[in-house]
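Visitor: Before we start, here is the structure in question, set down as structure tokens.
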Amino acid sequence: MIDFIGDIHGHADKLKALLTKLGYSNKKGSYSHLERKALFVGDYIDRGPKIRETLAIVKSMVDCGNAIALMGNHEYNALCFHFQETTADI
Ligand SMILES: [Mn+2]
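In our numbering, the protein residues as written are 1274 to 1363.
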């Protein structure tokens, strides 16, 4: 079974609570479930207070094969913003 999770927006504490509620457990620094995987549908950044922790949780789950992470419009916009600044200096 796949759990669709979106719009975390830096709320790492709420993400951890949700994963725990869904039956995931944190083993060796990454959340996993015996029968389920997560499909993160984007928007990890902006708004909330713990963006880096949110990204670390999601990346560790992807690296361990327990999740797939898609890019949201907030990540897309951040990349476009950075790319514009980079090319403006050339
Ligand atoms: Mn959003």
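We treat Cβ as the ideally placed atom computed from N, Cα and C, and that holds for glycine. Source: prediction; values computed, not measured.
#1: Using DSSP's beta-bridge definition, name the partner residues of SER1303.
#2: Please classify LEU1384: does DSSP put it in a helix, a strand, or coil?
#3: Take the Cβ of THR1327 as the centre, count every other Cβ of all protein chains shown within 10 Å, and call the residue buried at 16 or more, exposed below.
#4: May I ask you to report which of helix, strand or coil DSSP gives LEU1352?
#5: Given 8 Å as the limit, is there contact between the stretch 1341 to 1359 and the stretch 1296 to 1309, that is, 3 or more CB pairs closer than that?
Guide: Looking at the atomic coordinates:
#1: Residue pairing by DSSP puts SER1303 in a beta bridge opposite LYS1300.
#2: Because the chain in this structure spans residues 1274 to 1363, residue 1384 falls outside the shown range and cannot be described.
#3: Burial of THR1327 is indicated by the presence of at least 16 other C-beta atoms within 10 angstroms of its C-beta.
#4: In this structure, LEU1352 counts as helix in the three-state DSSP scheme.
#5: Cβ pair count under 8 Å is below three, so no.
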